[in-house]
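Report on the following structure.
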Amino acid sequence: MAKLQYQCTMSLDGFIAGPGGDMSWLSVYSGPNPAVDDLKERTGALLVGNRTFGGDDPLKGTEHEGEAYGGGWSGPQFVVTHRRMASPVPGVTFVGGLDSGIAAAKAAAGDKDVGVLGADIARQCLEAGLLDEVFVFIVPVLLGDGVRLFDHPGGATIRLERLSQSEAPDSTNLRLRVVK
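Numbered by my numbering, the letters in the sequence shown go through residues 3 to 182 in order.
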């Protein structure tokens, strides 16, 4: 059965995007990483938040602009949005709600995982008790401000259990299970 896994890269000070959603800082940290290769292989579909889908692209202006994981992954993407898109995007299905998006992504992923992209959509999955794992690549940079990995003022403590930890030249890779 497909697991919902929040997949992201985070600065050491806890941000997945800089001020205004800036992702340009991320392109410096896209070097070889066996954990990323394994993650891409185990991911069968993506559940993406609308802000992440329409946001800043760390590969803007390159041949891989707009492609998940810098073009190293291909498959079905499900974007949760309440807005109608003007024109279709190949490989992307726009869904109106979290539940329908999760159901469609899990069906498409089959036995593989569903990668959750975007802090807000990950928070919604976590609050609904549906997020199974967090896979975070921690890179050696301090952004100082931006979009936090997880932000829920006044929220409850959520326990995580480390499943694996590895190192790459530009990151520390943590795979964590959400304790339910």
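Glycine included, C-beta positions come from ideal geometry on N, C-alpha and C.
Looking only at A37, T83, L6, G99, the smallest Cα-Cα distance to P171 is reached by A37.
Segment contact: the stretch 75-85 against the stretch 97-112, three or more CB-CB distances shorter than 8 Å; contact assigned.
If you compare the alpha carbons of K5, A124, D15 with that of G46, the shortest gap goes to K5.
Look at T174 here: in three-state DSSP terms it is strand.
Residue pairing by DSSP puts F96 in a beta bridge opposite V81.
Note: Q126 is not bridge-paired with any residue in the DSSP secondary-structure output.
Straight-line spacing of the CA atoms in Q167 and P92 works out to 35 Å. Bridge partners of R53 according to DSSP: none are assigned. Judged by DSSP secondary structure, D39 falls within the alpha helix (DSSP H) whose first and last residues are 36-44. With contacts defined as CB atoms closer than 8 Å, L162 and R179 qualify as a contacting pair. For D15 against L133, the beta-carbon gap comes to about 23 Å, at or over 8 Å, which does not count as contact.
Beta-bridge partners of L162 (DSSP): V180.
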